[in-house]
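Here the structure is laid out as structure tokens; the discussion comes afterwards.
Numbering (the numbering used here), first residue to last: 3 to 310.
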């Protein structure tokens with residue numbers, strides 16, 4: 003088990019293309035870039051309100067529906083924007099906690115789609131509240147939705163829906179169930195709702211959580227909402243990396259068309275580096291729990307050989 007866990011951690015933290023590391027990196031870099039621009043405004047003794055009006059507000063979701071329709075890119079940009087350093091630090095810590103667990107359960111290719119789905123769903127809910135509820139309509143032109151919290155809530159609820167008894171901190175009486183961590187996170191979010199007098203911006207986080215639940219609900223019924231998004235990401239990546247684009251075709255040719263009379267799925271007793279890499283790639287894409295008994299045995303034997 004310890005040897006198998008070592009392979010899982012290598013996939014989770016050290017492999018190229020890790021979605022969690024990529025997402026955390028993007029949020030941190032975007033924050034640093036715009037905080038630097040804010041500092042330039044501050045040092046130059048310029049009106050900081052001009053920074054909000056001319057730069058920041060063009061990248062966050064406005065409460066006014068017509069304004070949002072004139073800035074459709076805000077549905078994607080707002081989830082990476084933060085103004086308060088403590089907000090971004092808190093969000094990155096929660097993203098790391100829930101994202102690591104969710105990626106361990108589902109593989110490497112569902113984390114970013116859930117984050118985007120939850121954020122966009124929260125943004126639509128937020129704008130809908132300020133345009134459909136008469137009491138809130140007068141404030142629609144002055145409020146904005148900003149930050150990664152809605153997407154993180156979607157990841158938290160998705161991971162908890164998938165495996166509520168997933169254990170963290172195993173040194174504490176056998177481990178703490180994941181659902182307890184999620185309840186703590188939601189209590190903190192509800193306290194912010196109370197502090198802001200029920201602001202729809204915080205209720206939008208719960209809308210993001212609902213989207214995370216629906217994602218897992220549909221996935222269990224064979225409808226994977228992440229497929230088209232991952233295919234799109236792969237297409238974009240392959241435009242700048244033709245070698246990766248031809249990899250699957252090369253593998254297919256080697257296994258089927260150049261077999262020269264051998265069985266295409268013949269088991270090879272020797273453990274090759276190529277076979278190990280294929281198994282590690284499968285863990286990266288689907289998760290460790292989707293390995294067959296044969297693949298787990300290969301990893302175990304490879305670890306034993308490595309120790310000799």
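Backbone N, C-alpha and C define an ideal beta-carbon position, used for all residues, glycine too.
Whole angstroms is fine: what's the gap from residue 107's alpha carbon to residue 45's? Numbered from 1 along the chain shown, position 105 holds the residue referred to as residue 107. Numbered from 1 along the chain shown, position 43 holds the residue referred to as residue 45. Taking the straight line from one Cα to the other gives about 46 Å.
State buried or exposed for residue 276, treating a residue as buried only when at least 16 other CB atoms are found within 10 Å of its CB. Here residue 276 refers to the residue found at position 274 of the chain shown. Its Cβ having fewer than 16 others within 10 Å, residue 276 is exposed.
Report yes if the CB atom of residue 153 is closer than 7 Å to the CB atom of residue 120, and no otherwise. As a first step, residue 153 is located in the chain shown; it is residue number 151 there, counting from the start. As a first step, residue 120 is located in the chain shown; it is residue number 118 there, counting from the start. Yes; because the gap between Cβ atoms is below 7 Å, this pair is in contact.
Whole-angstrom C-beta distance between residue 207 and residue 226, which should lie under 8 Å: In the chain shown, the residue the question calls residue 226 occupies position 224. In the chain shown, the residue the question calls residue 207 occupies position 205. Not really, about 24 Å apart at Cβ, beyond 8 Å.
Can the beta-carbon of residue 127 be found less than 7 Å from the beta-carbon of residue 147? Here residue 127 refers to the residue found at position 125 when the chain shown is read from its first residue. Here residue 147 refers to the residue found at position 145 when the chain shown is read from its first residue. No.
Alpha carbon to alpha carbon, what distance is there between residue 82 and residue 183? Start at 1 with the first residue of the chain shown, and residue 183 comes out as number 181. Start at 1 with the first residue of the chain shown, and residue 82 comes out as number 80. If you take the alpha carbons of residue 183 and residue 82, they lie about 24 Å apart.
Helix, strand or coil for residue 169, going by three-state DSSP, please let me know. The count along the chain shown starts at 1 and reaches residue 169 at position 167. Of the three classes helix, strand and coil, the one that applies to residue 169 here is strand, per DSSP.
Which same chain residues, not among the five before or five after residue 67, have their C-beta less than 7 Å away from its C-beta? The residue labelled residue 67 in the question sits at position 65 within the chain shown. These residues qualify, in order along the chain: 129 and 133.
Mapping the DSSP letters down to three states, classify residue 274 as helix, strand or coil. As a first step, residue 274 is located in the chain shown; it is residue number 272 there, counting from the start. Residue 274 falls in the coil class under three-state DSSP.
Determine the closest residue to residue 31 out of 171, 102 and 90, with distance taken between C-alpha atoms. As a working note, residue 31 is residue 29 in the chain shown. Closest option to residue 31, Cα to Cα, is 90.
Look at the alpha carbon of residue 97 and the alpha carbon of residue 241, and state the distance between them as a whole number of angstroms. On the chain shown, residue 97 is found 95 positions in, with the first residue counted as 1. On the chain shown, residue 241 is found 239 positions in, with the first residue counted as 1. About 30 Å.
What distance in whole Å lies between the Cβ atoms of residue 228 and residue 110, which are believed to be in contact at a cut-off of 8 Å? The count along the chain shown starts at 1 and reaches residue 110 at position 108. The count along the chain shown starts at 1 and reaches residue 228 at position 226. Actually they are not in contact, since the Cβ atoms of residue 110 and residue 228 sit about 11 Å apart, beyond 8 Å.
Per-residue burial, residue 101 [other beta carbons within 10 Å of its own, 16 or more giving buried]: Taking the chain shown and counting its residues from 1, one reaches residue 101 at position 99. It is buried - the Cβ of residue 101 has at least 16 other Cβ atoms within 10 Å.
Should residue 156 and residue 210 be called a contact, given that it needs their Cβ atoms to be closer than 7 Å? As a position in the chain shown, residue 156 is number 154, starting the count at 1. As a position in the chain shown, residue 210 is number 208, starting the count at 1. For residue 156 and residue 210, yes; Cβs fall inside 7 Å.
Do residue 161 and residue 103 come within 7 Å of each other at the CB atom, strictly closer than that value? Mapped onto the chain shown, residue 103 falls at position 101. Mapped onto the chain shown, residue 161 falls at position 159. Closer than 7 Å, so yes.
With distances taken from CA atoms, which of 144, 220, 299 and 285 is nearest residue 63? Residue numbering aside, residue 63 sits at position 61 when the chain shown is read from its first letter. Nearest of 144, 220, 299 and 285 to residue 63, Cα basis: 144.
Quick check: what's the CA-CA separation for residue 168 versus residue 158? As a working mapping, residue 168 is identified with position 166 in the chain shown. As a working mapping, residue 158 is identified with position 156 in the chain shown. Cα to Cα, the separation comes out at about 12 Å.
I need the DSSP call for residue 179, collapsed to helix, strand or coil. As a working mapping, residue 179 is identified with position 177 in the chain shown. In the structure shown, residue 179 sits in a strand (DSSP, three-state: E or B).
Output the distance between the C-alpha atoms of residue 25 and residue 105, rounded to the nearest integer angstrom. The sequence position of residue 25 within the chain shown is 23, counting from 1. The sequence position of residue 105 within the chain shown is 103, counting from 1. Taking the straight line from one Cα to the other gives about 12 Å.
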